[in-house]
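If you're matching positions, the sequence shown starts at 54 in our numbering and goes up one per residue.
Cβ coordinates follow ideal geometry from the N, Cα and C atoms, glycine included.
Keep in mind that this is a model prediction, so the values were computed, not measured.
Take a look at the structure set out below.
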Amino acid sequence: MFILGQVENIVYRNEENGYTVLKVFSNGEILTCVGKFPQIAEGQRVEIDGTLIKNAKYGEQVSVQNVKVLPPDDIEGIKKYLTSKFMKGIGPATANLIVDHFGTTTFDVLDFNPLKLTEIKGIGETKALQIAEMYRENKQAQNTIMFLQKYDISTSLAIKIHNTYMDKTEQIVKTNPYRLVEDVDGIGFLTADKIAQKLGIAKDSEFRFRAGILYALKQNSEKNGNTYIIKNTLVAELTKILGVETNAEKIDDILQILIAECKIKQFQKDEEECIMLTNFYFMEDMSAQKIVRLKYDFDAQNLDLTDDIKEYEVVNNITLHSKQQEAIKMAVNSGVSVITGGPGTGKTTIVKCLISCFKKLRKRCMLLAPTGRAAKRLSDSTGEDASTIHRALELNFQTEEGNSFFAKNEDNPLTADVVIVDEVSMVDSQLLYNLLRAIKYGSQLVLVGDKDQLPSVGAGNVLADILTSGVVPVVELTEIYRQANKSYIITNAHLINTGKMPIFDNTSTDFFFESRESLDEILHTCISLVTMRLPKFCHLEPEKIQVLAPMKIGTCGVDNLNKELQKMINPARADKPEIQFPFVTYRVGDKVMQIVNNYEQEWKRLLPEGIFERGTGVFNGDSGTISQISLQTNEITVDFEDGRTAIYARENINELMLSYAITIHKSQGSEFPVVVIPVISGTSTILTRNLLYTAVTRAKKMVVLVGTKKNIAIMVKNNYTIKRYSMLKQFLTEREQSAKLLFSKE
54 MFILGQVENI VYRNEENGYT VLKVFSNGEI LTCVGKFPQI AEGQRVEIDG
104 TLIKNAKYGE QVSVQNVKVL PPDDIEGIKK YLTSKFMKGI GPATANLIVD
154 HFGTTTFDVL DFNPLKLTEI KGIGETKALQ IAEMYRENKQ AQNTIMFLQK
204 YDISTSLAIK IHNTYMDKTE QIVKTNPYRL VEDVDGIGFL TADKIAQKLG
254 IAKDSEFRFR AGILYALKQN SEKNGNTYII KNTLVAELTK ILGVETNAEK
304 IDDILQILIA ECKIKQFQKD EEECIMLTNF YFMEDMSAQK IVRLKYDFDA
354 QNLDLTDDIK EYEVVNNITL HSKQQEAIKM AVNSGVSVIT GGPGTGKTTI
404 VKCLISCFKK LRKRCMLLAP TGRAAKRLSD STGEDASTIH RALELNFQTE
454 EGNSFFAKNE DNPLTADVVI VDEVSMVDSQ LLYNLLRAIK YGSQLVLVGD
504 KDQLPSVGAG NVLADILTSG VVPVVELTEI YRQANKSYII TNAHLINTGK
554 MPIFDNTSTD FFFESRESLD EILHTCISLV TMRLPKFCHL EPEKIQVLAP
604 MKIGTCGVDN LNKELQKMIN PARADKPEIQ FPFVTYRVGD KVMQIVNNYE
654 QEWKRLLPEG IFERGTGVFN GDSGTISQIS LQTNEITVDF EDGRTAIYAR
704 ENINELMLSY AITIHKSQGS EFPVVVIPVI SGTSTILTRN LLYTAVTRAK
754 KMVVLVGTKK NIAIMVKNNY TIKRYSMLKQ FLTEREQSAK LLFSKE
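Structure, rendered in structure tokens:
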């Protein structure tokens, strides 16, 4: 249906995604129109193409497909527009004076002769020009957003693009839409490529090749975890992305331009030509520089600590192994140190003793971990406050400069004398860089983690690079302690890690194996375990039992497991709101997980004092529960485990996934009371030893493997690890050599 009318009232508007509910007066009746409207104000006229729908709760509505916004053409409409939020500083009295004086020619005055506004009492030349500029900017924004929406760009992204290019938006997009990839966060190559095709830009244009190269480099880091790429691999990837024959000379020319613009670095490594995004090159080099600087700036006093350790043993009724004592002495006497070991080797005990030793030295300790779950576990196990790295660095997206999203940096460092980071295997190159730049010189850094866990989800190979560089002192813990020896979870984790089959013992109370052959049998057994058998056996709610699967797709993949588990744990009900997407349905009560970093997602948290803390930033791996769904606005409210609450607009809901089942990769840094693991056949690049090891070590009280012993044996024997390409190790080695030369001269 086609509607020509005037906006009477804005019932609701989501500023993030532009989703709006309007009351529109058309042909003598008031219609409720629901859709995305660019920068609209009361009083404006609209041309709407839409469909009449019946909402069960709100009755008849017009679902808007296309909208054209027109300026109001009557006296009352013009007054409403002038007093809207887009025309700040104009109150009803001033608006009445302007419209009473100029009538329906008001907008002509604002467009072509704004100084005539000085004819109105109380409006000087400066204010007249300000009013005209506000009108011009809003009109320009509306036109830009409507232009971009023709290319299927969402309202929120359209506003970002407009804010980037302002009145040059249409010209830039028509000339080279691939600029969006470099300039606007949230616009990828595929989106820009679709616009370019609609505009008729040639597939072999230099614009497209340039964007393709940058896209390939970003994909290489985001999907594969590499911080650089071998040039030959880049050329092969570019051919796939562009779908046209690539010309070596043309690629070299574009690479040279990108080098000159400081977008990329080109270098030789291991006799291979390599390409690296400049930001990764800078972050890894600066991280290496800071680590070496912390090492050499620390005023080591070679404290013995034997008496302090003995006192700690007496107070806590424990006996520390010689390797644990070595780790404690090393960490206290080093500027930077690494303590690594598997489950049950006493890493937490060492951290607790370290805190005690540092307190005696009157040093302030800060305990950090990459995720909320890991931070909570660290806090619970030590009895001390622990925080996520992001929170400690005070995420502040609005004051972003360069690669920094954080208020804490070299100009505003952390006050701690000692920073202890747990689960460091999860830390990627970008997070390491931001943490290091916030640590003040002279402080100590202690990195704690398990080197055999899967590498970070983000790009980089931080823990492995630091360990193999030989630059900082390391203690590796291998001894499993008495209490841990009683746990089959820990015993079997270490067996798996050394390439041996786990023990399946009928006397075990924490490690079980369910033999199932077919994929359907494995699926149904996992569902039965989570929803019926284990809740009774462990006295746990099904939501506390976590399925960890190797893959996303397939019968026993995460997507299908979530669908089936949702049916049993949180079935549809008439009184339970839900939002449907093509492949997934979300409803109130669902377990969900954030699957990408969103530095702009707003949240709030109720503090004990009864006031709300507000902030931005929700990160990959943050987990929670859907507490509310608004059917009117298509928004989802998620209550996260750490007390934060965030509201997701419909277009951002794809940043969430159901999390009754999650991939083993997504489980890094987390700990669950009970873990169920479907063990299925698959490719050797996916079903690896360290994948199974990581899954087993996520369980606190119980592990259940479901599948065949043959497939378990295949994983245990498969020690394949995907090589990650990163420069941190090389930079550390180079910086260490320079530091040795410097200090030897002194």
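{"Check": "Please return the same chain residues whose Cβ sits closer than 8 Å to the Cβ of residue 98, not counting the five positions on each side in sequence.", "Outcome": "57, 58, 59, 60, 122, 123, 124, 125, 126 and 130"}
{"Check": "Is residue 391 helix, strand or coil when you go by DSSP?", "Outcome": "strand"}
{"Check": "Let me check understanding here. Comparing Cα to Cα, which of 682, 588, 201 and 790 lies closest to residue 822?", "Outcome": "Nothing about residue 822 can be read from this structure; the chain reaches only from 54 to 799."}
{"Check": "Note down the Cα distance separating residue 721 from residue 546, rounded to an integer number of angstroms.", "Outcome": "15 Å"}
{"Check": "Going straight from the alpha carbon of residue 64 to that of residue 664, what length do you get?", "Outcome": "28 Å"}
{"Check": "Quick one: grab the DSSP three-state call for residue 300.", "Outcome": "coil"}
{"Check": "Nearest CA to the CA of residue 760: which residue from 735, 752 and 773?", "Outcome": "735"}
{"Check": "Can you tell me which of 602, 298, 241 and 712 puts its alpha carbon nearest to the alpha carbon of residue 271?", "Outcome": "241"}
{"Check": "Contact between the stretch 488-499 and the stretch 750-758: three or more CB pairs below 8 Å?", "Outcome": "no"}
{"Check": "In three-state terms, what does DSSP make of residue 752?", "Outcome": "strand"}
{"Check": "Give the straight-line distance between the Cα atoms of residue 503 and residue 527, rounded to the nearest whole angstrom.", "Outcome": "12 Å"}
{"Check": "When burial is assigned at 16 or more other CB atoms within 10 Å of the CB, is residue 788 buried or exposed?", "Outcome": "buried"}
{"Check": "Would you mind reading off the limits of the beta strand (DSSP E) that contains residue 411?", "Outcome": "No beta strand (DSSP E) contains residue 411, which is instead part of the alpha helix (DSSP H) from 400-413."}
{"Check": "Taking only runs that begin and end inside the stretch 728-774, name each unbroken alpha helix (DSSP H) of 4 or more residues, in chain order.", "Outcome": "742-749 and 762-770"}
{"Check": "Exposed or buried, residue 785, counting other C-beta atoms within 10 Å across all chains shown (16 or more means buried)?", "Outcome": "buried"}
{"Check": "What are the boundary residues of the alpha helix (DSSP H) that residue 699 is part of?", "Outcome": "From DSSP, residue 699 is part of no alpha helix (DSSP H) but of the beta strand (DSSP E) over 697-701."}
{"Check": "When the Cα atoms are used, what is the spatial distance from residue 781 to residue 86?", "Outcome": "55 Å"}
{"Check": "Buried or exposed: which applies to residue 398, given that a residue is buried once 16 or more other Cβ atoms fall within 10 Å of its Cβ?", "Outcome": "buried"}
{"Check": "Evaluate contact between the stretch 667-679 and the stretch 646-655, counting only Cβ atoms and requiring at least three cross-stretch pairs below 8 Å.", "Outcome": "yes"}
{"Check": "What are the boundary residues of the alpha helix (DSSP H) that includes residue 581?", "Outcome": "572-581"}
{"Check": "Verify whether the separation of the beta carbon atoms of residue 619 and residue 713 is less than 9 Å.", "Outcome": "yes"}
{"Check": "For residue 791, tell me which candidate among 142, 210, 349 and 316 has the shortest Cα-Cα distance.", "Outcome": "349"}
{"Check": "Quick check: what's the CA-CA separation for residue 82 versus residue 279?", "Outcome": "60 Å"}
{"Check": "Could you spell out the range, first to last residue, of the alpha helix (DSSP H) harbouring residue 505?", "Outcome": "Where residue 505 is concerned, there is no enclosing alpha helix (DSSP H), given that its DSSP letter is neither H nor E."}
{"Check": "DSSP puts residue 327 in a beta bridge; with which residues?", "Outcome": "283 and 320"}
{"Check": "What whole-angstrom Cβ distance do residue 448 and residue 431 have, given they're in contact under 8 Å?", "Outcome": "In fact, because the Cβ distance is near 19 Å, the residues do not count as touching under 8 Å."}
{"Check": "Could you tell me the distance, in whole angstroms, from the CA atom of residue 110 to the CA atom of residue 586?", "Outcome": "39 Å"}
{"Check": "Could you check whether residue 472 and residue 496 sit closer than 9 Å to each other, using their CB atoms as the reference points?", "Outcome": "yes"}
{"Check": "With 16 as the cutoff for other CB atoms within 10 Å, does residue 336 come out buried or exposed?", "Outcome": "buried"}
{"Check": "Write down the C-beta distance between residue 602 and residue 593 rounded to the nearest angstrom, noting that I regard them as a contact closer than 8 Å.", "Outcome": "So it is not a contact: roughly 20 Å between Cβ atoms."}
{"Check": "Based on the DSSP output, what are the partners of residue 832 in its beta bridges?", "Outcome": "The chain is shown from 54 up to 799; residue 832 falls before or after that span and cannot be answered."}
{"Check": "State the DSSP-derived secondary structure class of residue 449, mapped to helix, strand or coil.", "Outcome": "coil"}
{"Check": "Could you give the first and the last residue of the continuous beta strand (DSSP E) run that contains residue 65?", "Outcome": "55-66"}
{"Check": "Helix, strand or coil: how does DSSP classify residue 268 here?", "Outcome": "helix"}
{"Check": "Is the beta carbon of residue 477 closer than 9 Å to that of residue 344?", "Outcome": "no"}
{"Check": "Could you compute how far the alpha carbon of residue 773 sits from the alpha carbon of residue 744?", "Outcome": "10 Å"}
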